[in-house]
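Chains as they are written, first to last, in the working numbering: chain A, 168 to 345; chain B, 63 to 374; chain C, -13 to 422.
Read the structure below first, then the notes.
The following block contains the structure:
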């Protein structure tokens, strides 16, 4: 039994709002780098970057990706996982404001891993977190700076984000754990 | 992936592509200021080298350290006096030390297999070269190098034409390469005098030619194997001159290759015997790249074998 | 058993050589009587119902390792293993330390066998001094010694020098001796580890080509013909060798040949495990060679089964293949393997087993007290065999000192119920008889 909580236009509006909020808080796009967490954080980061570029009528800020596989705290609990791509944009992240982008914020462990991964790449001036969905149930003291939608859930439920880039459709769906 | 990497045959097509893809992602680490990942922190990797090989040992050591593993180097020349005692006794010491992974190079074919299956240790075993049997990480770094130049750095090697030349009979590099290249969809031709081809080579997944010139125009990657001068005294070929004339790679033969073909060698080279200095240092040669790729490949192998939960 | 004096045994209802059941009375070291419903009040009764009675087995090819390698086996422990395997006589090969190339050493081995008293130990004398392949050893002195050596062999090494082999074949005619050749052309097998073929090429183990055995067999049968001597070919391992021996016999050449139990059962694919328990010389060969050996043993081209029991201490086998010693033990499983490969397949009947494992070896070794018919008056060297019992092979239960047993874990027959050496039981109820 699955419920769609966000459709394509909901997602588009949420990303636009996040782009505006980033520009407002950071007082412009200078010195910004968006780093998506694979896999779905990456296309979301690209879309936010495009919107920032459109709003400012200038170039979109650089976008990269940061694979967290090797920094997960549950690495030893399952067989070794394939790695995703880490792409550091030209100019790196030293001294810049990095906006981490992920699809769902849940326990917060992925973000902790992403922070560790970032620290191996360089030293940003600041790190912000943008997520499309915050479903609660934090296990670490992590909070998002920019949230597309708060979706309270029970632990028995699953939250799935689908993006047209890899899944053919943009939507967010809540389902029951099998 | 299987628990040990003893033979190139241990890797399925998907396993092999996974190793190459993982190596590609890890290659970037070497370009960073902090060349380290925490993945193998707390794991102990032992380099058990019964045969001298500074280059391979350093490559494995660098790979393990970049993943933050604790590395212990053990060099033992397996003397004929202590022969078999060395392997079992050493293994039990490693077990007592809590080694998680053992990288072993040995002059006896099958030694890594014994280490992995005799019940002396519980660690994952990586074969870094055993006698004339196999050298799977060499084949992996060779395939990685070929994939980068011939297939855009992703996927497999379907359709690539590879020619391997030299002392196939005594070459663990040749055996591993033939197996892995076949798995990855490449087409392999072995070139050697009949005396340097193993019995039954006609059953291997490759073609065989006694003539080097014929396959060259249809070769995308040419791999020259080291030929030891000592083979002459065992009557494998009559003289160095005859060998290098019939099977050596010089400028004339290099010109027979297609424009984008690459020239490879696992090292160490016998310059003047199987390959001239001119070609070894020439524009087609990717020999130095092979060495660099070795570290990334070995990082990938160590990560996939030791980075997650132990497979059953 | 009141009233028995331990020197008389009545074996009831067993089938001698697989014939109809009969009772066999053993007394004073001989078969006293054979009949039905025999009575013997002072005899210990041994129930042979459903069992086969064979002449005590004779091994023409065993390594007892004493003197010199007592860490692997001694005459005592080897004899115990032999008795458990149903043997009443074994020929102990000469590659000991020191080599058995003088009357002194062969007499020492012979005495040790007598002292142990579980089987008759007949020492084999070396053909050349120190097995060096250069000078003949004092074959005559060994023949005249208390050990009365009749079989001479450099086993472990080949007498590869053609002139030396010729001289040896000629010389032993004087005392009805026989040269037992380990056929292995040394130059073709330098550093060899396993059978040469596709598998050895794949495993990276240096090959031991069949031609290295066959070339020597061919040469030797022609030499034997030329000088009019007997020749014995040890551990034949290839189909080609079987064919050459068949041809030689058809020409009337006086050649005999032996096959080991492991070559009748096991093939080279076991080397894929790189477990040196499967490393042996001559090596395990292809399935086709195994089939040819069975056929040869069935039609008599191969005259006997010889165990080539080769004990080794753990450290010589618990290592990488190239460093391991060559050899497998086999005294205790020999009859079991022959039952599974030859009897149950219909290639040999029990009379055939008796011939290949007792009568013919005794004849080749010139041992008149062994391999005798089961008839009144004959020395009571007997083995009582259960053709049906089976057991998983557990090397830890072996009487041998060594554990390099290639049959470990296999489900094989467990045939030997009792063994009698000149009327005295060495094995009863499947257990060694303790006689301090």
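Even glycine gets a Cβ: it sits at the ideal position worked out from N, Cα and C.
A quick note: this is a predicted structure, and the numbers were derived from the prediction, not measured.
- For residue 260 of chain B, the chain C residues whose C-beta falls within less than 7 Å of its own C-beta are 187, listed in chain order.
- Following the DSSP letters along the chain, one finds residue 53 of chain C in no beta strand (DSSP E), marked with neither H nor E.
- Residue 298 of chain B sits buried, since 16 or more C-beta atoms from the chains shown fall within 10 Å of its C-beta.
- Within the same chain, Cβ atoms closer than 8 Å to the Cβ of residue 305 of chain C are found at 262, the five residues on either side in sequence being excluded.
- In the structure shown, the three-state DSSP call for residue 204 of chain A is coil.
- Scanning its chain for C-beta atoms nearer than 6 Å, with the 5 sequence neighbours on each side dropped, one finds around residue 207 of chain A the residues 270, 328, 330, in chain order.
- Contacts between residue 101 of chain B and chain A, judged by CB atoms closer than 7 Å, involve 237, 242 in chain order.
- With a minimum length of 4 residues, the unbroken runs of alpha helix (DSSP H) contained wholly in the segment 194 to 219 of chain B fall at 198 to 212.
- Residue pairing by DSSP puts residue 243 of chain C in a beta bridge opposite C/219.
- From the beta-carbon of residue 194 of chain B, the residues of chain C found nearer than 7 Å are 190.
- If the five residues before and after residue 392 of chain C are omitted, its C-beta is found closer than 7 Å to the C-beta atoms of 248, 252, 263, 264, 314, all from its own chain and listed in chain order.
- Going by beta carbons, residue 384 of chain C and residue 297 of chain C fall outside the 7 Å limit.
- Under DSSP, residue 301 of chain C shares a beta bridge with no residue.
- The segment 43 to 51 of chain C makes no contact with the segment 7 to 21 of chain C, as fewer than three CB pairs between them are under 8 Å.
- By the Cβ criterion, the segment -9 to 0 of chain C is not in contact with the segment 164 to 184 of chain B, since fewer than three pairs of Cβ atoms, one from each stretch, lie closer than 8 Å.
- Around the beta-carbon of residue 141 of chain C, 16 or more other beta-carbon atoms lie within 10 Å, marking it buried.
- DSSP lists C/-5 as the bridge partner or partners of residue 30 of chain C.
- Taking 8 Å as the upper bound for CB-CB distance, residue 340 of chain C and residue 11 of chain C are not in contact here, some 20 Å apart.
- Here the C-alpha atom of residue 363 of chain C lies approximately 46 Å from the C-alpha atom of residue 171 of chain C.
- Contact note: residue 217 of chain A does not reach chain B at a C-beta cutoff of 8 Å; the least C-beta distance is about 25 Å.
- Under the 7 Å criterion on CB atoms, residue 329 of chain B is classed as non-interfacial with respect to chain C.
- For residue 248 of chain C, the secondary structure class from DSSP, reduced to helix, strand or coil, is helix.
- Secondary structure of residue 111 of chain C (DSSP, three-state): strand.
- In the DSSP annotation of this structure, residue 73 of chain B is not part of any beta strand (DSSP E), being labelled neither H nor E.
- One thing to note: residue 115 of chain B has its Cβ within 7 Å of the Cβ of residue 167 of chain B.
- Annotation for residue 406 of chain C: no alpha helix (DSSP H) segment contains it, though the beta strand (DSSP E) segment containing it runs 402 to 407.
- Between residue 118 of chain B and the set B/135, B/105, B/247, B/106, the nearest pair of CA atoms involves B/135.
- Chain B places no beta carbon closer than 7 Å to that of residue 412 of chain C, leaving this residue out of the contacts.
- Residue ranges of uninterrupted beta strand (DSSP E) with 3 or more members, entirely inside the segment 252 to 319 of chain A and ordered along the chain, are 264 to 272, 293 to 301, 313 to 317.
- The beta-carbon separation of residue 258 of chain A and residue 229 of chain A, rounded to 7 Å, stays under the 8 Å limit for a contact.
- In the DSSP assignment, residue 397 of chain C falls within the beta strand (DSSP E) that extends over 397 to 399.
- Only 171, 172, 173, 175, 176, 179, 180 from the segment 171 to 188 of chain B bring a Cβ to less than 8 Å from some Cβ of chain C.
- No Cβ of chain A is located within less than 7 Å of the beta carbon of residue 113 of chain B.
- Secondary structure in the segment 345 to 376 of chain C: the beta strand (DSSP E) runs of 3 residues or longer, each lying completely within the stretch, are 368 to 371 in chain order.
- Listed by position along chain B, the residues whose Cβ is nearer than 7 Å to that of residue 306 of chain C are 146, 149, 168, 170, 172, 173, 176.
- Per the Cβ contact rule, the segment 255 to 263 of chain B is not in contact with the segment 211 to 227 of chain B (fewer than 3 Cβ pairs under 8 Å).
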